[in-house]
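Engineer: The following block contains the structure, expressed as structure tokens.
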Amino acid sequence: MGTKAGRRRYEQIRRGYETAINSEVAQSALRASRKALANRLDPDPRMHEVRDLNANTRSSLADGHSIVEPDDAHPNDRPLRADSEFKRPRFPKKPR
């Protein structure tokens, strides 16, 4: 293979790669795998999606954007404090 033939083959491989990576099927598979991995690592979401009641910003949500708020906005999702009833059990010391 000469230089031109090698370059053509390189461009052919590159175009095939770009087409495969940018296809809707590949993108949806990537989103699904990322979501599955995230759910396996931490099934409880750290951010909660909320409804937008403002008509001015609601139109931007049609573009695929979503509004999220941090965990501490929900009282049921706050982490337990150290002085709560769920303390680590104490075991008696072993005699020496």
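In the numbering used here, the protein residues as written are 2 to 97. For each residue, glycine too, the CB sits at the ideal point set by N, CA and C.
Mapping DSSP to helix, strand and coil, what is residue 3?
Structural biologist: DSSP places residue 3 in coil when its eight states are reduced to three.
Engineer: Give the straight-line distance between the Cα atoms of residue 34 and residue 26, rounded to the nearest whole angstrom.
Structural biologist: Going by the C-alpha atoms only, they are around 12 angstroms apart.
Engineer: Start and end of the alpha helix (DSSP H) containing residue 40?
Structural biologist: 25–42 is the span of the alpha helix (DSSP H), which, as asked, contains residue 40.
Engineer: For residue 20 and residue 31, I'd like the C-alpha separation in whole angstroms.
Structural biologist: The straight-line gap from Cα to Cα measures roughly 15 angstroms.
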